[in-house]
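If you read the protein sequences in the order shown, they are chains A and B.
The first sequence begins at 21 in this note's numbering and counts up one residue at a time.
The second sequence begins at 21 in this note's numbering and counts up one residue at a time.
What follows is one structure encoded as structure tokens, with my remarks underneath.
There are 2 protein chains.
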Amino acid sequence: MSVSKESLISQLRSGDARALTRAISTVENHSPGWIDLLKQLFPHTGKARTIGLTGPPGAGKSTLVDQLAKHYREQDHTIGIIAVDPTSPYTGGAILGDRIRMQQHFSDPGIYIRSMATRGSLGGLARTTADVASVLDAAGRNLILIETVGVGQDEIDIVRLADVTVVILVPGMGDDVQTIKAGIMEIADIFVINKVDHEGAERVEREIRAMQSLAMRPDNWTPPIVKTMATDGRGIKELADSIASYESHQQNQGLVSQRRIQNWEARLLEMLRDTLLQRAHAAMPNGELSRLAAEVAEHKRDPYSVIEEIAVRIGVL
Amino acid sequence: MSVSKESLISQLRSGDARALTRAISTVENHSPGWIDLLKQLFPHTGKARTIGLTGPPGAGKSTLVDQLAKHYREQDHTIGIIAVDPTSPYTGGAILGDRIRMQQHFSDPGIYIRSMATRGSLGGLARTTADVASVLDAAGRNLILIETVGVGQDEIDIVRLADVTVVILVPGMGDDVQTIKAGIMEIADIFVINKVDHEGAERVEREIRAMQSLAMRPDNWTPPIVKTMATDGRGIKELADSIASYESHQQNQGLVSQRRIQNWEARLLEMLRDTLLQRAHAAMPNGELSRLAAEVAEHKRDPYSVIEEIAVRIGVL
């Protein structure tokens with residue numbers, strides 16, 4: 021199928037949206053040839069800027085990303101949006117209502133939106149998101165917005181793979197706001213307080229500033245706090261300006277390549293984990309893992325020697 | 021140090037809280053001998069019931085878990101609480117204010133609280149949480165409450181390892197409530213609507229019921245919706261009753277061992293991944309991964325052949 025793959029790549033490079041969709045699906049589903057496709061696309065990557073946006077549920081992320089994309093579009097950027105949704109562990113499906121709604125806003129081919137609803141059973145979500153971003157990059161999208169719902173560790177891993185990380189907060193988040201911030205405080209290059217006319221906006225801002233006074237970043241950047249009302253577009257230009265300021269700071273301090281190296285290190289580690297696990301799966305007959313799990317659940321064997329046995333069997337111990 | 025390990029285990033088994041703390045730290049930090057410790061504790065495990073509780077930030081989880089622990093304590097259960105906090109990727113630390121506050125509520129040695137603030141660089145959080153639960157189980161705690169902040173994939177993985185999963189929602193969560201529920205709808209054995217006297221409680225309940233009408237569980241259990249005000253203890257008894265009902269349902273349907281086998285399958289898989297990754301790390305000289313990451317970042321090599329090379333080097337390809 022190498023002829024078809026070459027034509028897929030040339031169509032993709034010429035900006036064909038259907039080829040882009042097909043290439044992303046191949047990578048997301050780990051369809052045959054996906055690694056080979058990524059390998060061939062790799063020389064065409066490295067040009068796009070990636071911006072990761074995360075925050076707690078209810079922060080209005082979709083609307084904000086929507087507005088930011090429109091803003092960049094007016095400056096003639098070509099945009100790719102990756103919206104990462106939670107997974108349903110039974111079905112692998114997700115409710116895509118809000119993504120579909122979002123898609124309806126854009127008839128402009130300069131904005132391409134992809135929802136990542138599922139998580140591969142083997143590949144991690146952060147890795148797959150990064151791979152999909154690489155496809156968008158190779159397709160000539162020069163600005164990639166990665167939006168994740170939630171602020172769990174998985175979401176943190178995803179947005180850390182971006183060049184710039186934006187953390188979106190909203191007023192009135194309740195008692196757990198301290199706990200959220202503990203996890204995301206240090207990954208935020210820029211804070212957004214969205215829905216800023218809601219009660220409690222000043223309190224959120226005060227809390228961010230209080231935490232900033234405690235923690236000094238190694239790169240001497242103090243993440244600015246941008247106030248937005250995504251629903252009417254207020255603050256969106258300021259957000260884009262703050263992103264540009266941070267990018268200048270990175271460039272002036274020679275930090276761009278440092279961050280990319282760190283990101284690749286994390287990405288290589290995840291790729292390695294996936295590869296090794298696939299190898300382990302391949303070495304076990306069908307149903308072997310669940311047979312072993314039953315033995316452990318019935319306390320016939322301890323799980324630690326089961327793992328040692330498998331490792332010996334696939335030749336790594 | 022096998023004498024000291026034997027005495028650690030006998031102290032732990034006799035209910036000594038300091039021995040418990042030491043054993044948990046050994047397992048959490050992957051200190052020397054941690055696997056051996058878990059192996060020796062394994063025959064003493066399998067007796068505790070584990071209850072996982074999760075929900076979005078601001079749902080009042082800590083207070084609810086606190087109240088539920090007190091309720092079970094009145095029935096003479098011995099309780100272990102594992103509170104999983106978000107990680108700070110730079111420092112590995114976390115803001116533990118609310119956990120410390122919680123700890124002050126309990127002078128009763130029958131309730132043991134452990135915050136899991138950090139995530140090992142190699143071991144996954146779900147795996148470490150499960151290992152810590154095993155230590156509590158071996159120490160004779162017969163009821164283990166696992167509380168996670170957030171509803172990301174990582175949190176879902178953690179609470180799925182429990183015998184019973186409780187999902188806590190609150191009124192007024194905004195537009196993203198649909199998206200959250202998509203991820204957690206199917207892992208919930210019981211729903212809690214906390215802060216039930218806040219505006220919008222009926223709407224949350226209606227939405228849960230609407231989604232339930234769409235999805236039939238394979239075990240024919242319809243997750244009940246319990247309304248609570250954790251701050252004054254309202255609904256806590258009803259929550260405990262619902263948990264007991266679900267446990268009866270599991271027993272009557274012969275589903276207890278089925279769930280434990282599934283859980284062990286997921287756990288074995290994560291253990292295997294950790295083991296393989298450690299092996300890969302050991303096979304790479306110090307700094308090798310970051311050297312390779314730099315080559316990829318500078319586009320001197322593609323990441324996919326780098327991974328193949330490492331896999332060949334450690335003998336799995």
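Ideal Cβ positions, reconstructed from N, Cα and C, are used throughout, including at glycine.
Amino acids of chain A, ordered along the chain, whose beta-carbon sits closer than 7 Å to that of residue i
i: B/LEU165; result: Within chain A, no residue comes near B/LEU165; the closest Cβ sits about 17 Å away, beyond 7 Å.
i: B/TYR92; result: Under the 7 Å cutoff, chain A gives no residues; its nearest Cβ is about 23 Å from B/TYR92.
i: B/GLU285; result: LEU309, SER310 and ALA313
i: B/ALA300; result: LEU292 and LEU296
i: B/GLY66; result: HIS319
i: B/PHE211; result: None at all; the shortest Cβ gap to chain A is about 16 Å.
Residue i - containing alpha helix (DSSP H), residue span
i: B/ALA89; result: 81-94
i: A/GLU341; result: This structure cannot speak to residue 341 of chain A, because chain A is shown only from 21 to 337.
i: A/LEU297; result: 276-303
i: A/MET231; result: 221-234
i: A/ILE71; result: A/ILE71 -> not in any alpha helix (DSSP H); beta strand (DSSP E) instead, spanning 69-75.
i: A/ARG147; result: 145-158
i: B/ILE133; result: It is not in any alpha helix (DSSP H) - B/ILE133 instead sits in the beta strand (DSSP E) that spans 131-136.
i: B/GLU48; result: 37-48
i: B/LYS59; result: 54-61
i: A/PRO323; result: 323-333
Chain-ordered chain B contacts of residue i [CB-CB under 7 Å]
i: A/SER277; result: ALA317
i: A/THR295; result: ILE327 and ALA331
i: A/ASP96; result: What A/ASP96 touches in chain B: nothing, since even the nearest Cβ is about 26 Å away.
i: A/LEU189; result: In chain order: nothing, as chain B lies at least about 10 Å away.
i: A/LEU359; result: This structure does not reach residue 359 of chain A, given that chain A is present from 21 up to 337, and the question cannot be answered.
i: A/ILE281; result: SER310, ALA313, ALA314 and ALA317
i: A/LEU181; result: The premise fails here: A/LEU181 is roughly 12 Å from chain B at the closest Cβ pair, so nothing lies under 7 Å.
Terminal residues of the beta strand (DSSP E) in which residue i lies
i: A/GLU167; result: 163-169
i: B/ALA103; result: 99-104
i: B/ILE4; result: Residue 4 of chain B falls outside the range modelled here, since chain B spans only 21 to 337, and no answer is possible.
i: A/ILE245; result: 245-247
i: A/VAL216; result: Per DSSP, A/VAL216 belongs to no beta strand (DSSP E) and is neither H nor E.
i: B/SER265; result: Element bounds for B/SER265: not the beta strand (DSSP E) but the alpha helix (DSSP H), 256-272.
Listed by chain order, chain D residues near residue i by CB distance under 9 Å
i: A/TRP241; result: The structure shown contains no chain D; its protein chains are A and B.
Under 9 Å from the C-beta of residue i: neighbouring residues of chain A
i: B/ILE101; result: Simply none; closest approach about 15 Å.
i: B/ARG254; result: Residues of chain A passing the Cβ test: none, with the nearest at roughly 18 Å.
Cα-Cα separation between residue i and residue j, rounded to whole angstroms
i: A/GLU222; j: B/VAL216; result: 27 Å
i: B/GLU315; j: B/ARG226; result: 54 Å
i: B/SER268; j: B/GLY53; result: 38 Å
i: B/ILE99; j: A/VAL85; result: 44 Å
i: B/PRO323; j: A/ARG321; result: 39 Å
i: A/THR199; j: B/VAL169; result: Because A/THR199 sits at a pLDDT of 48, beneath the cut-off of 50, its placement in the model cannot be relied upon, and the following sentence gives the value as read from the coordinates. For A/THR199 and B/VAL169, the distance between alpha carbons rounds to 8 Å.
i: A/ALA89; j: B/LEU289; result: 39 Å
i: B/THR111; j: A/ILE188; result: In this predicted model, B/THR111 has a pLDDT of only 32, less than 50, meaning its place in the structure is not dependable enough to derive any value.
i: B/GLU94; j: B/LYS257; result: 11 Å
i: A/ASN49; j: A/MET136; result: 11 Å
i: A/TRP241; j: A/ALA208; result: 10 Å
i: A/ALA264; j: A/ARG33; result: 27 Å
i: B/THR251; j: B/GLN87; result: 8 Å
i: B/GLY80; j: B/ASP151; result: 26 Å
i: B/GLY274; j: A/LEU309; result: 21 Å
i: B/GLN31; j: B/ALA39; result: 6 Å
i: B/TYR7; j: B/GLN278; result: Examination of residue 7 of chain B is not possible in this model, given that chain B is present from 21 through 337 alone.
i: A/LEU28; j: A/ALA68; result: 20 Å
Contact check, residue i vs residue j, beta carbons under 8 Å
i: B/VAL186; j: B/ILE164; result: no
i: B/THR5; j: B/ALA153; result: Past the edges of chain B, shown from 21 to 337, lies residue 5 of chain B, and the structure says nothing about it.
i: B/PRO44; j: B/VAL155; result: The sequence given here has Ile at residue 44 of chain B, not Pro. A contact, by the Cβ cut-off of 8 Å.
i: B/PRO238; j: B/SER262; result: no
i: B/ILE334; j: B/ALA313; result: no
i: A/VAL343; j: A/THR74; result: For residue 343 of chain A there is no data in the structure shown, the boundaries of chain A being 21 and 337.
i: A/ALA317; j: B/TRP284; result: yes
i: A/GLY255; j: A/VAL246; result: yes
i: B/ALA286; j: B/LEU145; result: no
i: A/ILE327; j: B/THR295; result: yes
i: B/THR65; j: B/ASP128; result: no
i: A/VAL104; j: A/GLU206; result: no
Contact list for residue i against chain B, beta-carbon separation under 8 Å
i: A/LEU28; result: Ordered by position in chain B, no residue passes the 8 Å Cβ test against A/LEU28, which lies about 17 Å from the chain.
i: A/ILE55; result: TYR324
Contact list for residue i against chain A, beta-carbon separation under 8 Å
i: B/LYS59; result: ASP322, TYR324 and SER325
i: B/GLY274; result: The premise fails here: B/GLY274 is roughly 13 Å from chain A at the closest Cβ pair, so nothing lies under 8 Å.
i: B/LEU289; result: LEU297 and LEU309
Paired residues, beta bridge with residue i - DSSP
i: A/THR185; result: A/GLY72
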